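Going by this note's numbering, the first residue of the sequence shown is number 240, and it counts up by one from there.
Report on the structure given below.
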Amino acid sequence: MEVKLSFEKPLSSTSDTLVLFDFEGTPGMSGMLDGKLDSQLGEVSSSGDFQGKEGQICLIYTYGKPKRVMLVGLGKKEKFHLNRIRIAAAQAVNYSRGIGIVELSFSVTPRQVVFSESEIVSSLAEASILAFNKYDLYKSEKPQVKLATVKICCQKDEDSVRNALSFSSIVAKNVCSCRDLINTPGTISVPAYISGLALELCRKMKLKCTVLDKKALQKMGANAILAVGSASENEPRLVAIEYNPENAKVAYALVGKGITFDSGGLDLKSAAAMESMKHDMSGAAAVLFTLLSVAELKLPVRVIGVLALTENAIGPNAYKPGDIIKTMSGKTVEVLNTDAEGRIILSDALHYSKGFKPDYIIDVATLTGACIVALGSEASGVMGNDAALIARIREAGMRTFERVWELPLFDEYQNYVKSDFADVKNVVSNQPSGGGAVVAGKFLSVFVDDFKWAHLDIAGTAWSDSDSGYNPKGATGVGVRLLTCLLASEAR
Ligand code: BES
Ligand code: ZN
Ligand code: ZN
C-alpha cells in the first residue's frame with residue numbers, strides 16, 4: 240500500500256472513497272463539501288446514524304465521484320489529540336481492508352483544530368501504514384485486500400508537509416518490519432538469525448555492523464550473556480551497529496534486550512506466562528529498527544545500537560540459582576532466579592556500550608511483569624539518572640503516543656539488590672516482594688557508572704493481546720517511533 244499527498248479538492252478526488260472526520264456534538268457537517276452532499280450529510284446526523292462519536296463509521300454512497308464518503312468519528316472535541324486522528328485513520332484503513340475499497344482519500348483538516356497540517360499528515364500516514372500491516376505470513380488463506388493507495392488531500396504544497404510524510408512513512412515502515420521480526424516464531428528467530436538479518440539490513444543502509452559470536456564473547460568475558468545462553472544450542476550473539484554522520488554533535492548508545500525466547504530457565508515459567516515469550520527480544524528489535532530509521536532519515540546524531548541476543552532455555556547446561564557470574568565489567572552477580580535474565584544480559588551489554596563513549600545510554604527491555612502491574616499497557620516505565628534526558632523521552636512519548644511514565648530509583652532500592660556473596664543479586668528474593676520494576680532498574684544502574692542513562696521497561700507495551708487501533712494483535716514495535724522522535728529532536 241502506498242501513501243501519497245494530493246492537492247486536489249477533496250470532492251474532486253479521483254479516489255473511490257473519501258474519508259471525512261468529525262467531532263461529536265458539533266453542529267453537523269453541511270457546508271463541509273462546498274454545498275455538495277449537504278442533504279445526505281444532514282440526513283445521517285439528523286437520523287442519528289452518525290454523531291461523530293469515537294469509533295463511529297458511516298458510509299454514504301454518492302452516486303457520483305467519489306463513489307463513497309466515509310464519515311469517521313473523532314469523539315468529543317475537548318478531548319481531541321493527535322492520537323485520535325491516528326486511531327480514526329486506522330479505523331478507516333481497517334474498514335477498507337474488509338470491503339472492496341481500492342483507494343482512500345483523507346481530507347486533512349478536521350475543523351478548527353490546533354494542530355498543523357504537517358502534524359496531521361504525519362499522523363494519518365503513520366497510522367495508515369501501521370494499521371495496514373498484519374502478520375499473515377503463515378496463513379494459508381490470506382484475506383484478499385484491494386486497498387492499494389491512501390491519498391492525503393492537503394491544502395498547502397509545502398516542504399514541511401512533504402517532509403512530514405516522508406519522515407513518518409520511513410519510521411512507520413520500520414515499525415512494521417520491527418513487528419514482523421518480533422512476531423517471527425522463536426524457533427526461527429534465534430540469535431544468529433537476528434544478527435544475520437541485522438548484518439544484511441545494515442549492509443544495505445551502509446551502516447557498520449559488528450557481530451560477536453560465542454567465541455568472541457568468551458574472549459571478552461561477557462559471562463553474563465554466556466550464562467543466560469548456556470542451555471541453548473542456539474548460541475548467543477552481541478551485535479553493535481554504528482551510525483556515525485559527520486555533522487553529529489552528540490552520541491547516543493541504544494541497548495536492547497534480545498531474549499529470543501524466555502522459558503524462564505530452570506525457574507520455568509507457567510504456560511500462560513510463556514505463551515508470548517518469543518517477544519522478549521522486542522527491545523533489541525526496537526533498537527535495530529531505530530538505527531535503520533535514523534540512518535535512512537540521515538539524522539545528524541551519532542547512534543550506536545547494541546543488541547544482546549540469547550535464548551533463556553532449559554537443559555543440562557542451564558545456569559542455576561546460586562550461580563555467581565563475573566560479568567564483563569568485573570562486577571559479580573548472584574543469580575537467585577533464572578527468569579530474571581534480562582537484567583543479567585543487560586549488565587554486559589550496558590558495560591560494552593560504554594566503550595563507544597556515548598553522551599547518553601538508553602536501554603530498552605521487556606524487563607518485568609511488575610512494570611505491567613504498575614502501568615498496564617498504556618505506558619512504558621522509564622527510570623534513570625538524568626532528569627533532562629527523561630524529560631525529553633517523556634516529551635517524545637507524548638508526541639508519538641508511545642507514552643512513558645517515570646518510576647523512581649531512590650538510593651534505598653540499592654539495598655534491595657545487595658547480595659551476601661556477590662556485588663549484586665538479580666532479585667530481592669523468591670518470596671513475594673514489592674517494587675519489581677524499580678529493583679530491576681536499580682540493578683541495571685550498577686553497570687552504567689556515571690554515564691547519563693535511561694531505562695525503558697516495555698514489558699507492558701511491546702505486545703498487544705488483541706487488535707487495537709493501529710496495533711494489531713501481537714508485536715506493537717514500541718520504541719521505534721519513540722526513540723526516532725527523541726533522536727530527531729536533537730536535530731531541531
Ligand atoms: N521477560 C520477562 C518479563 C515480561 C513479562 C515481559 C511479561 C513481557 C511480559 C522477564 O524476563 C521476567 O521473567 N521477569 C520476571 C522477574 C522476576 C523473576 C523477578 C517477572 O517479571 O516475573
Ligand atoms: Zn524471564
Ligand atoms: Zn525476559
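Backbone N, C-alpha and C fix where the C-beta goes; we use that ideal spot for every residue, glycine too.
These numbers were taken from a predicted model, which means no experiment stands behind them.
*Shortest alpha-carbon distance to SER355 belongs to which of PHE345, ALA403, LYS318, ARG323?*
Here the closest residue by C-alpha is ALA403.
*Can LEU505 and ALA557 be called in contact, C-beta distance under 7 Å?*
Closer than 7 Å, so yes.
*In chain order, what residues of the same chain lie with their CB nearer than 8 Å to the CB of GLN290, ignoring the 5 residues before and after it?*
Closer than 8 Å at the Cβ level, and outside the excluded window around GLN290, lie GLU263, GLY264, SER284, GLY312.
*Element boundaries [beta strand (DSSP E), containing CYS297]*: Counted as a single uninterrupted DSSP element, the beta strand (DSSP E) harbouring CYS297 occupies residues 296–300.
*Could you check the C-alpha separation between VAL545 and ILE480 for me, to the nearest Å?*
Taking the Cα positions, VAL545 is about 6 Å away from ILE480.
*For the candidate residues ALA604, SER251, GLY294, CYS297, whose alpha-carbon lies nearest to that of LYS275?*
Considering only ALA604, SER251, GLY294, CYS297, the residue with the shortest C-alpha distance to LYS275 is SER251.
_Can you find the residues in the same chain that come closer than 7 Å, C-beta to C-beta, to VAL677, ignoring five residues on each side of it along the sequence?_
Cβ neighbours of VAL677 beyond the five flanking positions: MET622, LEU646, PRO647, LEU648, TYR652.
*asked:* For ligand 2, is there any heavy atom lying closer than 6 Å to the beta carbon of GLY578?
replied: A quick correction: the sequence has Asp, not Gly, at residue 578. Yes, the Cβ of ASP578 comes within 6 Å of a heavy atom of ligand 2.
*Whose CA, out of ASN576, ASN654, PRO484, lies closest to the CA of ILE543?*
Closest by alpha carbon: PRO484.
*What separation, rounded to the nearest whole angstrom, lies between the Cα atoms of LEU438 and LYS318?*
Rounded to whole angstroms, LEU438 to LYS318 spans 44 Å at the Cα level.
_Close beta carbons around PRO249, own chain, < 6 Å, minus the five adjacent residues each side_ = Cβ neighbours of PRO249 beyond the five flanking positions: LEU257, SER346, CYS392.
*Please report how far the alpha carbon of SER254 lies from the alpha carbon of VAL360, in whole angstroms.*
For SER254 and VAL360, the gap between their C-alpha atoms comes out near 18 Å.
*State the Cα-Cα distance for the pair ALA512 and GLY581, rounded to the nearest angstrom.*
ALA512 and GLY581: Cα-Cα distance of roughly 15 Å.
*In or out: GLN330 buried (at least 16 other Cβ within 10 Å) or exposed?*
Buried, because 16 or more other Cβ atoms sit within 10 Å of the Cβ of GLN330.
*For THR700, count neighbouring C-beta atoms within 10 Å of its own C-beta (all shown protein chains included) and say buried if the count is 16 or more, exposed if not.*
With 16 or more other Cβ atoms within 10 Å, it is buried.
*N-terminal and C-terminal residue of the beta strand (DSSP E) that TYR482 is part of*: Unbroken beta strand (DSSP E) run through TYR482: 476–482.
*Leaving out the 5 sequence neighbours to the left and right, which residues in its chain are closer than 8 Å to ASP688 when beta-carbon positions are compared?*
Exclusion of the five residues before and after ASP688 leaves LYS593 as the residues of its chain whose Cβ lies within less than 8 Å of its Cβ.
_If I measure Cβ to Cβ from ARG638 and keep anything under 7 Å in the same chain, skipping five residues before and after, which residues do I get?_
Result list for ARG638: CYS724, in chain order.
*Where in the region 486–531 do unbroken runs of the alpha helix (DSSP H), each at least 4 residues long, occur, reported from the N-terminal end onward?*
Unbroken alpha helix (DSSP H) runs of no fewer than 4 residues, entirely contained in the region 486–531, are found at 510–513, following chain order.
*Compute the Euclidean distance between the alpha carbons of SER367 and ILE409, then round it to the nearest angstrom.*
The C-alpha of SER367 lies about 13 Å from the C-alpha of ILE409.
*asked:* Among TYR302, ILE299, LYS390, whose alpha-carbon lies nearest the alpha-carbon of GLU342?
replied: Looking at the Cα atoms, LYS390 is the closest of the given residues.
_Through-space distance from ARG323 to ALA492, alpha-carbon basis_ = So the two alpha carbons sit approximately 32 Å from each other.
_Span separating the alpha-carbon of ALA618 from that of LYS304_ = If I take the Cα positions, the gap works out to 43 Å.
*Consider the C-beta atom of ASP519 and the heavy atoms of ligand 3; say whether any pair is separated by less than 6 Å.*
Yes.
*Taking only heavy atoms of ligand 3 into account, decide whether any of them is closer than 6 Å to the Cβ of ASP501.*
True, at least one ligand heavy atom lies under 6 Å from that Cβ.
_Exposure of LEU376, with buried meaning 16 or more beta-carbon neighbours within 10 Å_ = Exposed: under 16 other Cβ atoms inside 10 Å.
*Would you call the CB atoms of SER399 and SER357 closer than 7 Å?*
Against a cut-off of 7 Å, the Cβ pair of SER357 and SER399 comes out as a contact.
*Exposure of LYS381, with buried meaning 16 or more beta-carbon neighbours within 10 Å*: Exposed: under 16 other Cβ atoms inside 10 Å.
*With 7 Å as the threshold, decide whether the Cβ of ARG582 is near any Cβ in chain D.*
This model lacks chain D altogether; it includes just one protein chain.
*Can you have a look at TYR302 and say buried or exposed, based on whether 16 or more other CB atoms are within 10 angstroms of its CB?*
Under this definition TYR302 is an exposed residue.
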